[in-house]
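S.K.:
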Amino acid sequence: MSTTIFLQALLSGLTNGAIYALVAVGLTLVFGVMRIVNFAHGEFLMLAMYGGYLAFTFLGIDPILAVFLVAPVLMLMGYLLFDGLIRPALKVPEINQMAVTLGLSLLLQYLALVVFKADNLLVTQERSTASIWLGPVLIQMPQAIAALASIILLGLFYLTLRKTDLGLIMRVVSQSRDGAALSGIDISGTYRWAMAIGLGTLGIAGPLMVSALYVNPHVGQLFTLKAFVIVIVGGMGSFGGVLIGALLVGVAESIAASWLTASVAAAVPFALLILVMLLRPEGLVPAGGSR
Amino acid sequence: MTKFTIDRRQTLLMGAAVAMPAIIPSRGRAATEALKIGVLVPMTGVHASDGIRMLKAHQLAAKMINASGGIKSLGGAKLELVVTDIQSKPEVSRAEAERLISRERVSALAGAWASATTIPAAQIADRNRTPFMITSAVNDALTEQGMKYVFRTAVKAKWFGGYIADFLDYQKTKGIAVGKIALATEDGPAGQAVRSNYTSVMPGRGYPILTDETFRTGTPDFSTIVTKLRTSGADGVLTCAYAEDSTVLLRALAAQNFRPLYVGFGGAHVNQTVLAAGKPSDRTFGVVEWSPDLNKPASLAFVKAFAEAHPGETPLSNQAQAFVATYALALAADAAKSTDRNAIREALTSLKITDGPAAVLPAPVLSFDEQGQSPSTCVIVQAIDGKFVTVWPEAVAVRPPAPVQG
Amino acid sequence: MLRRFLPALVPTLLAIAGFCFSLSDPYFMEIFIMVGLIGTVAVAWNLMAGFTGLVSLGHSLFFGIGAYTVAYGQVGFGLGPLVTWPIAALLALASALFIGLLCFRYGLRGYFFSIATLAFSEVAFLLVSATLWLGRSDGMMLPSSPETLRYLQFDHKWPYGLIIVGFLALTLFLSQAFLATRPGFYWRAIRDNEGAAEALGVPAMRYKLLAFGLSAVVTAIGGAIFANTFAFVDPRSTLGVELSIQLLVFGIIGGLGLLWGPLLGAALLIPAGELLRTYLGAGFHGVNIVAYALLMIVLALLLPQGLGGVLAARLRRRAPKKQAAAGKALAVEAAP
Numbered sequence: 002m003s004t005t006i007f008l009q010a011l012l013s014g015l016t017n018g019a020i021y022a023l024v025a026v027g028l029t030l031v032f033g034v035m036r037i038v039n040f041a042h043g044e045f046l047m048l049a050m051y052g053g054y055l056a057f058t059f060l061g062i063d064p065i066l067a068v069f070l071v072a073p074v075l076m077l078m079g080y081l082l083f084d085g086l087i088r089p090a091l092k093v094p095e096i097n098q099m100a101v102t103l104g105l106s107l108l109l110q111y112l113a114l115v116v117f118k119a120d121n122l123l124v125t126q127e128r129s130t131a132s133i134w135l136g137p138v139l140i141q142m143p144q145a146i147a148a149l150a151s152i153i154l155l156g157l158f159y160l161t162l163r164k165t166d167l168g169l170i171m172r173v174v175s176q177s178r179d180g181a182a183l184s185g186i187d188i189s190g191t192y193r194w195a196m197a198i199g200l201g202t203l204g205i206a207g208p209l210m211v212s213a214l215y216v217n218p219h220v221g222q223l224f225t226l227k228a229f230v231i232v233i234v235g236g237m238g239s240f241g242g243v244l245i246g247a248l249l250v251g252v253a254e255s256i257a258a259s260w261l262t263a264s265v266a267a268a269v270p271f272a273l274l275i276l277v278m279l280l281r282p283e284g285l286v287p288a289g290g291s292r
Numbered sequence: 153m154t155k156f157t158i159d160r161r162q163t164l165l166m167g168a169a170v171a172m173p174a175i176i177p178s179r180g181r182a183a184t185e186a187l188k189i190g191v192l193v194p195m196t197g198v199h200a201s202d203g204i205r206m207l208k209a210h211q212l213a214a215k216m217i218n219a220s221g222g223i224k225s226l227g228g229a230k231l232e233l234v235v236t237d238i239q240s241k242p243e244v245s246r247a248e249a250e251r252l253i254s255r256e257r258v259s260a261l262a263g264a265w266a267s268a269t270t271i272p273a274a275q276i277a278d279r280n281r282t283p284f285m286i287t288s289a290v291n292d293a294l295t296e297q298g299m300k301y302v303f304r305t306a307v308k309a310k311w312f313g314g315y316i317a318d319f320l321d322y323q324k325t326k327g328i329a330v331g332k333i334a335l336a337t338e339d340g341p342a343g344q345a346v347r348s349n350y351t352s353v354m355p356g357r358g359y360p361i362l363t364d365e366t367f368r369t370g371t372p373d374f375s376t377i378v379t380k381l382r383t384s385g386a387d388g389v390l391t392c393a394y395a396e397d398s399t400v401l402l403r404a405l406a407a408q409n410f411r412p413l414y415v416g417f418g419g420a421h422v423n424q425t426v427l428a429a430g431k432p433s434d435r436t437f438g439v440v441e442w443s444p445d446l447n448k449p450a451s452l453a454f455v456k457a458f459a460e461a462h463p464g465e466t467p468l469s470n471q472a473q474a475f476v477a478t479y480a481l482a483l484a485a486d487a488a489k490s491t492d493r494n495a496i497r498e499a500l501t502s503l504k505i506t507d508g509p510a511a512v513l514p515a516p517v518l519s520f521d522e523q524g525q526s527p528s529t530c531v532i533v534q535a536i537d538g539k540f541v542t543v544w545p546e547a548v549a550v551r552p553p554a555p556v557q558g
Numbered sequence: 032m033l034r035r036f037l038p039a040l041v042p043t044l045l046a047i048a049g050f051c052f053s054l055s056d057p058y059f060m061e062i063f064i065m066v067g068l069i070g071t072v073a074v075a076w077n078l079m080a081g082f083t084g085l086v087s088l089g090h091s092l093f094f095g096i097g098a099y100t101v102a103y104g105q106v107g108f109g110l111g112p113l114v115t116w117p118i119a120a121l122l123a124l125a126s127a128l129f130i131g132l133l134c135f136r137y138g139l140r141g142y143f144f145s146i147a148t149l150a151f152s153e154v155a156f157l158l159v160s161a162t163l164w165l166g167r168s169d170g171m172m173l174p175s176s177p178e179t180l181r182y183l184q185f186d187h188k189w190p191y192g193l194i195i196v197g198f199l200a201l202t203l204f205l206s207q208a209f210l211a212t213r214p215g216f217y218w219r220a221i222r223d224n225e226g227a228a229e230a231l232g233v234p235a236m237r238y239k240l241l242a243f244g245l246s247a248v249v250t251a252i253g254g255a256i257f258a259n260t261f262a263f264v265d266p267r268s269t270l271g272v273e274l275s276i277q278l279l280v281f282g283i284i285g286g287l288g289l290l291w292g293p294l295l296g297a298a299l300l301i302p303a304g305e306l307l308r309t310y311l312g313a314g315f316h317g318v319n320i321v322a323y324a325l326l327m328i329v330l331a332l333l334l335p336q337g338l339g340g341v342l343a344a345r346l347r348r349r350a351p352k353k354q355a356a357a358g359k360a361l362a363v364e365a366a367p
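Chains as they are written, first to last, in my numbering: chain A, 2 to 292; chain B, 153 to 558; chain C, 32 to 367.
#1: Using 8 Å as the threshold, is the stretch 94-112 of chain A in touch with the stretch 152-170 of chain A, meaning 3 or more CB pairs across them?
#2: Return the residues of the stretch 240-271 of chain B that lie within a Cβ-Cβ distance of less than 7 Å from chain A, sorted by chain order.
#3: Please classify A:E283: does DSSP put it in a helix, a strand, or coil?
#4: Considering only C-alpha positions, which residue in the set B:L518, B:P360 and B:K188 is nearest to B:A229?
#5: Pull the bridge partners of A:Y51 from the DSSP assignment, please.
#6: Near C:I221, which residues of its chain fall below 7 Å by C-beta distance, leaving aside the five closest residues on each side in sequence?
#7: Taking 8 Å as the CB-CB limit, is A:E127 close to chain C?
#8: From C:A262 to B:L261, what distance separates their C-alpha atoms?
#9: Please report the distance separating the alpha-carbon of B:L405 from that of A:L248.
#10: So B:A453 and B:A420 are supposed to be a Cβ contact under 8 Å. How far apart are they, rounded?
#11: I believe B:T371 touches B:D397 by the beta-carbon criterion, under 8 Å. Please report the beta-carbon distance rounded to the nearest angstrom.
#12: Do B:V400 and A:L214 have their beta-carbon atoms positioned less than 8 Å apart in this structure?
#13: Compute the Euclidean distance between the alpha carbons of C:Y323 and B:S384, then round it to the nearest angstrom.
#14: Taking Cβ-Cβ distances below 7 Å as the criterion, which residues of the stretch 143-164 of chain C are in contact with chain A?
#15: For A:Q126, which three-state DSSP category applies?
#16: Which same chain residues end up closer than 8 Å to A:Y21 when comparing Cβ atoms and leaving out the 5 residues on each side of it in sequence?
#17: Residues of chain A with CB under 9 Å from C:V106, in chain order?
#18: Keeping to the same chain, check which residues put their C-beta closer than 7 Å to that of A:G236; ignore five residues upstream and five downstream.
#19: Just to confirm the assignment: which complete alpha helix (DSSP H) runs, minimum length 4, are found wholly within the stretch 115-167 of chain A?
#20: Checking the sheet assignment: what are the DSSP bridge partners for B:Y414?
#21: I'd like to know whether the C-beta of A:G104 is nearer than 8 Å to at least one C-beta of chain C.
#22: Alpha carbon to alpha carbon, how far is A:L342 from C:I320?
#23: Could you list which residues in chain B have their beta carbon closer than 7 Å to that of C:P293, in chain order?
#24: Counting only Cβ pairs nearer than 9 Å, list the residues of chain A close to C:I320.
#25: Should B:V307 and B:E441 be called a contact, given that it needs their Cβ atoms to be closer than 8 Å?
#26: Using alpha carbons as the reference points, say which of A:A145, A:F45, A:H219 and A:L91 lies closest to A:S1.
#27: Residues bridged to B:E232 by DSSP?
Next comes the structure, spelled out in structure tokens:
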């Protein structure tokens with residue numbers, strides 16, 4: 002493998018990793034605070050991608066600006082989802098919760114199929130084929146924008162969790178639900194906000210990703226499992242961990258793909274997950290340790 | 153407690169399930185016996201958009217046959233399509249084939265999009281001595297394993313490399329030389345069948361393969377693969393990818409200012425989605441079983457009829473295949489003067505279509521050899537000004553190929 | 032004695048009745064085969080999930096091991112089920128013990144265990160999709176052979192149905208017997224409170240491995256039967272995550288606390304899916320799955336004990352005095 006290809010694989014891996022982080026950060030928030038596995042996470046990403054597509058096609062809004070339209074809609078969805086489905090689901094056993102979110106994932110995919118049909122939809126702009134060259138290697142413009150947004154978002158998250166009351170409350174709840182309840186924290190309210198913010202982040206990811214990729218009813222599935230891998234590799238509920246886990250998964254996958262056949266390379270993130278779970282089950286950056 | 157109501161509700165559900173077999177209707181035979189053809193298409197799941205498209209073509213064929221008096225030798229019997237959703241899954245395809253054969257008592261089956269969903273259904277049909285007309289699957293083995301009731305209007309995967317080499321040879325006579333090839337194929341059944349065919353055919357025809365890349369469908373970023381294609385020194389890129397991946401791949405090529413002679417594969421390339429990618433798809437070629445601008449009367453008539461039935465839509469290659477598959481079964485029943493499965497099978501083996509509404513595909517004759525394979529062929533199309541135009545072979549071409557650097 | 036085996040006997044008798052009914056029509060037989068096969072595998076999966084508290088999302092791995100051992104054994108070496116089924120069982124046992132040892136040694140629990148098993152099965156799915164001699168993602172066709180019995184190749188569906196009735200009955204009776212033994216009670220103790228069970232001297236690790244191993248072996252035999260019945264295996268249908276999720280769904284809908292719960296789930300949902308497809312599928316693609324998903328969400332929320340749990344409770348309440356013991360036996364596992 003030549004140096005150019007290696008460097009390109011590394012850079013692409015980092016870019017992809019940053020994009021994965023953008024998808025996974027909401028999942029880790031929900032997972033970390035509420036201990037609920039949301040198998041429908043990718044489907045909300047899919048909805049946000051349709052949001053970006055519709056805003057661009059029918060309102061002529063640039064995907065970067067569409068973020069400010071789609072993110073509030075996704076937050077509202079998260080808010081409603083909590084009261085409609087997640088709150089009742091918290092009362093049933095863990096395994097039933099899995100069935101509920103799996104059912105939700107199916108439901109959203111096939112509702113999207115009924116509404117939007119199965120065709121692939123694209124956002125095509127001038128910058129769709131623009132790129133930034135760094136010596137012999139490059140990043141494509143839409144990917145670069147999504148990666149940048151991811152880093153900004155993670156920075157904001159870090160500040161929110163460190164510097165605001167809401168952040169403090171969320172950290173407390175994620176560490177001990179009972180302890181938080183005893184100190185008078187409104188658990189349901191915190192959960193509701195966690196869900197709203199968790200899905201809200203997808204409102205940022207969706208429009209930016211649809212301009213780099215495409216959207217169809219099943220596109221979310223491509224990201225759900227990967228987001229799980231990242232959340233666990235990074236350390237559940239840890240935002241530093243999400244970034245490190247995502248970059249690691251992105252780079253490992255990208256470098257493996259440059260010298261193995263694609264299916265073997267696709268197994269690499271899962272192999273990484275197994276390794277991390279066995280050697281360091283608390284994740285690379287445990288939530289408590291990300292000070 | 154609400155226990156009692158829950159029990160009631162649950163009893164109702166149970167009751168419905170127990171009574172299930174009784175309420176499945178065994179839609180009995182119609183008074184005037186129609187020719188029933190089962191259509192297996194994926195209407196949900198990963199291949200949903202393709203399946204829904206295929207269905208429109210099947211239905212158009214049925215409509216045209218019935219409008220022109222039905223099956224004449226059967227006293228104008230209507231052609232009735234029994235459509236089913238195979239959910240893009242092999243096991244569903246198989247179960248539905250079984251159901252259509254045993255419960256719906258269809259005279260023949262047509263379908264079932266991808267190779268993975270076609271193989272099990274074709275096996276079931278063969279085992280039950282029911283003719284099965286493959287619409288679009290290209291897996292070689294389907295018409296090589298001695299199945300007696302399986303027929304194919306589509307081409308075999310292993311023929312594509314030959315078509316492309318022929319086309320490149322033709323380009324050479326026009327002074328456009330491509331010397332070295334790079335491959336990029338998706339890692340699923342279709343991509344790998346095509347890949348193994350290209351790797352076995354191209355070097356022997358004087359087109360060495362410099363790099364051979366695979367990717368999984370849904371890959372978010374093709375920069376590394378395109379860097380490898382670009383730095384390999386190849387001037388021709390052959391791909392096999394689903395439409396959504398093609399768009400990401402083509403944009404990555406454009407982002408790196410790499411404009412090789414690009415040949416995409418089949419209906420997955422010659423597709424609105426790929427055109428929607430805009431400039432990156434301009435001047436790319438596609439090797440495909442049929443194209444709507446094909447210079448052939450029946451083909452033009454089919455496109456016109458399709459546009460009337462579905463305003464604003466142009467049929468794709470696989471839709472032409474689905475149309476022809478339906479027609480071929482109806483013509484066989486007409487020739488057999490029967491809706492009997494064996495009689496239709498016999499009639500298919502001696503069928504020879506050279507003109508009439510079913511002569512839509514580019515090959516001069518539609519017939520089936522003892523393996524059930526038709527002598528199909530392909531055309532090369534090129535995206536020029538936002539449209540795919542047939543550029544080769546000369547006999548059916550609309551215009552000569554345009555230079556790649558647009 | 033008879034009463035103790037009612038939870039195995041009743042479903043077996045119903046399965047035989049279902050088999051006889053399905054003889055009338057190959058399409059019903061196809062549905063019966065799927066219900067019996069996947070239902071029995073779901074019962075095996077539930078020995079872990081419902082009785083030991085280990086929710087595997089990677090059971091397709093063992094199903095795939097079974098299916099691919101049969102397929103490759105026949106394609107590569109001309110071996111029949113007499114040889115390939117035991118090999119499949121051994122391979123599944125070995126992989127379950129390996130995965131189990133790794134996971135339990137590091138104390139993976141709850142969601143983490145589920146996702147670890149899912150990761151293992153995804154790795155297998157992707158590797159098989161990339162392996163040329165296993166047919167890659169194309170899958171493998173089992174060549175037809177005139178030696179009907181040696182390769183279990185029949186012209187009709189019903190012999191496979193019969194094999195599956197046997198598989199179902201054997202699985203139910205052996206599981207029921209096993210659950211009444213000491214290790215069977217240990218499983219439930221581990222499920223309810225692993226720490227407490229260990230404190231009382233139950234070697235949790237050993238019994239969790241036992242549950243994992245047994246469950247994997249039955250699942251692999253299910254996969255082997257699948258390969259022989261359908262004469263075609265491909266990574267998506269035998270190793271894909273969809274299959275593992277199906278087991279979970281059948282378990283939850285039918286009732287995790289009951290031996291026969293997942294079988295009930297399969298017997299309701301598979302025909303329901305067929306019905307929805309027949310009636311809604313062709314006209315409104317996708318609507319059938321929307322209905323299926325809604326059903327799944329509502330049942331998982333409103334009936335945590337599953338339809339089987341409700342049914343068992345009802346039977347117990349209805350049971351007159353003299354049959355009380357029988358009712359108790361039926362509901363013996365419905366405890367938590």
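Glycine is no exception: its CB is placed at the ideal position from the N, C-alpha and C atoms. Owing to the predicted nature of the structure, the values given are computational and were not obtained by experimental measurement.
M.R.: Taking the coordinates as given:
#1: Flag = no, the stretch 94-112 of chain A and the stretch 152-170 of chain A do not touch.
#2: Near chain A, meaning a CB-to-CB distance below 7 Å, no residue of the stretch 240-271 of chain B qualifies.
#3: In the displayed model, A:E283 falls within coil according to three-state DSSP, outside both helix and strand.
#4: Out of B:L518, B:P360 and B:K188, B:K188 has the C-alpha closest to the C-alpha of B:A229.
#5: Partner residues in a beta bridge of A:Y51, as assigned by DSSP, do not exist.
#6: Once the five neighbours on either side are set aside, the close Cβ partners of C:I221 are T83, G84, A228, V233, A235, Y238 and K239.
#7: It does not; no Cβ of chain C falls within 8 Å.
#8: Rounded to whole angstroms, C:A262 to B:L261 spans 20 Å at the Cα level.
#9: Counting only the Cα atoms, A:L248 lies some 24 Å from B:L405.
#10: Their Cβ separation, rounded to whole angstroms, is 26 Å, which puts B:A453 and B:A420 out of contact at 8 Å.
#11: Cβ atoms of B:T371 and B:D397 come within 8 Å of each other, at about 6 Å.
#12: When the beta-carbon positions are compared, A:L214 and B:V400 come within less than 8 Å of each other.
#13: So the two alpha carbons sit approximately 50 Å from each other.
#14: Of all residues in the stretch 143-164 of chain C, F143, I146, A147, A150, F151, E153, V154, L157, L158, S160 and A161 have a Cβ within less than 7 Å of some Cβ in chain A.
#15: Coil.
#16: Annotation for A:Y21: F224, K227, A228, I231, A247, V250 and G251 place their beta carbon closer than 8 Å to its own, counting only its chain and skipping 5 residues before and after.
#17: Contact note: C:V106 does not reach chain A at a C-beta cutoff of 9 Å; the least C-beta distance is about 20 Å.
#18: Cβ neighbours of A:G236 beyond the five flanking positions: G242, E283, G284, L285, V286, P287 and A288.
#19: Qualifying alpha helix (DSSP H) stretches, in chain order: 142-164.
#20: For B:Y414, which the question treats as bridged, DSSP gives the partners B:V389.
#21: It does; some Cβ of chain C falls within 8 Å.
#22: Residue 342 of chain A is absent from the structure shown; chain A starts at 2 and stops at 292.
#23: Listed by position along chain B, the residues whose Cβ is nearer than 7 Å to that of C:P293 form an empty set, because the closest Cβ is around 15 Å away.
#24: Residues of chain A passing the Cβ test: L107, L108, Q110, Y111 and L114.
#25: In this structure, B:E441 lies closer than 8 Å to B:V307 by Cβ.
#26: Absent from the structure is residue 1 of chain A, since the part of chain A shown begins at 2 and ends at 292.
#27: Beta-bridge pairing links B:E232 to B:K188.
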